[in-house]
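Trainee:
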Amino acid sequence: MAVSYACVDVDDAYLNAVPFYEKNGLRFMNAEDDDPHTRLMYYDLMNLVA
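Each residue of the sequence shown is one higher than the last, beginning at 16 in our numbering.
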């Protein structure tokens, strides 16, 4: 089974939108990522076909 991911770089302008991304299934790439200006998030595209 192949794993496919879509990645999003959430920068300063969109940090307030992080709850929206989380609500729609995106997860943080790294739990230790605590940069106050940029967060990396991903969405597992296999969720679309499951």
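Just so you know, even glycine gets a beta-carbon here, dropped at the ideal spot from N, CA and C.
Thinking C-alpha only, which one of Arg54, Asp48, Asn45 and Gly40 is nearest Leu30?
Mentor: Residue numbering aside, residue 30 sits at position 15 when the sequence shown is read from its first letter. The residue with the shortest Cα to Cα distance from Leu30 is Arg54.
Trainee: Which class does Val64 belong to by DSSP, given the choice of helix, strand or coil?
Mentor: Translated into positions along the sequence shown, residue 64 becomes position 49. Reduced to three states, the DSSP call for Val64 is coil.
Trainee: Which residues mark the beginning and the end of the alpha helix (DSSP H) in which Pro34 is found?
Mentor: Your numbering for residue 34 matches position 19 in the sequence shown. Run containing Pro34: Val33 to Lys38, per the alpha helix (DSSP H) assignment.
Trainee: Helix, strand or coil for Asp50, going by three-state DSSP, please let me know.
Mentor: Numbered from its first residue, the sequence shown carries residue 50 at position 35. DSSP places Asp50 in coil when its eight states are reduced to three.
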